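All letters in the sequence shown, in the order written, are residues 0 to 261 by numbering that gives the first Met the number 0.
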Amino acid sequence: MNLDRTTIALLAERLENCELEARDTTKVTDDYPDMDWEDAYAVQDAIRARKLARGARIVGLKAGLTSRAKMKQMNVEDPVFGFLVDSFAVADGGDIDTKKLIHPKVEPEIAFVTKAALRGPGCHIGAVLAATDFVVPAIEIIDSRYRDFKFDLKSVVADNCSSTRFVTGGTATPVEGLDLRTLGVVLEKNGQPVAIGAGAAVLGHPAAAIAMLANMLGRRGEEIPAGTLILSGGITEAVAVAAGDSVSLRIQSLGSTSVRFV
Ligand code: 0L1
Ligand code: MG
């Protein structure tokens, strides 16, 4: 680690206040160019600790940047991960107050819910599928705290990977007999398709994103506990939204979920 405890705490306070007050900031590596990956996750951990101290509950995890093309572009070998708290969860068909966000975007994702713990190293797609209770369609709303979504990966990790809201819906579907790679995905904004894809866009198989997450957590001596909801990463590019927009996601065999920005 290159940053001391006081600096980590100050960066966590700065980024979380931006989230809570819906205002942007410059990327943290502008001020601390020597920040390393451990520092970046330490800032994220400090944000989580701040929320837990105020009574928040962790309700899930997310994998981000799980497309190979984007990882290659950013010159990283691993995706990033973040946490989800109860205040991020929005009811299916519910409203999101856009004034509480900076510059939100939506991502179509497949969410996994586990029925057994997953622990790396060595976690693989087969282990993930065996440990999956069910999958559901999920819309993740991301809202980078960085001005104009301009960041580098360490700044993104420190900012809890732009997490802000998520909604799940559709039918809780077991994965037996389901090929998650070939499931068609249609994201609609105001009734018009704006992004179309298939599950294989995420690392060739969405379960590979969960395996990578388990392997990354394993390196920290952590596991994915049974009963965890995990967003496996955007299947298409993220789509910008504003007040007045309605967004719905349909995933073949899993059903649909929707949210409105008011
Ligand atoms: O959920 C995601 O894949 C987003 C990761 C953070 C990068 C971004 O804000 O686009
Ligand atoms: Mg996402």
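All C-beta atoms in this analysis are idealised placements derived from N, C-alpha and C, irrespective of residue type, glycine included.
As the structure is a computational prediction, the values presented were derived from the model and not from experiment.
- Taking I141 as reference, the option from N159, A126 and L152 with the minimal CA-CA separation is N159.
- Distance between L182 and T5, taken at the CA atoms: about 47 angstroms.
- Collapsing the DSSP output to three states places E18 in a helix.
- Sequence-distant Cβ neighbours of Q191 in its own chain, meaning closer than 6 angstroms and more than five residues away, do not exist here.
- With contacts defined as CB atoms closer than 8 angstroms, V105 and V240 qualify as a contacting pair.
- Assigned with DSSP and collapsed to three states, Y145 falls in strand.
- In the displayed model, R249 falls within a strand according to three-state DSSP.
- Under the criterion of beta carbons closer than 8 angstroms, P136 and T167 qualify as touching, at roughly 7 angstroms.
- Secondary structure at K188: strand, using DSSP grouped into helix, strand and coil.
- Your pair V42 and L64 does not check out as a contact, with CB atoms roughly 17 angstroms apart and the cut at 8 angstroms.
- The Cβ atoms of V238 and V193 lie closer than 8 angstroms to each other.
- Cβ contact annotation for A210 (same chain, cutoff 8 angstroms, sequence separation greater than five): L117, G119, C122, H123, I124, A126 and V127, in chain order.
- Counting C-beta pairs with one atom in each stretch, the segment 46-56 and the segment 164-179 have fewer than three that are closer than 8 angstroms, which means they do not touch.
- A heavy atom of the ligand MG is found nearer than 7 angstroms to the CB of K61.
- Distance check between V258 and each of E12, G92 and I101 places G92 closest, using alpha-carbon atoms only.
- Straight across, the Cα-Cα distance linking L230 with D3 is about 31 angstroms.
- R146 and D23 do touch by the CB rule: their CB atoms are close to 5 angstroms apart, below 8 angstroms.
- The three-state reading of DSSP puts A88 in strand, counting E and B together.
- In this structure, S162 lies near G81, with their beta-carbon atoms less than 8 angstroms apart.
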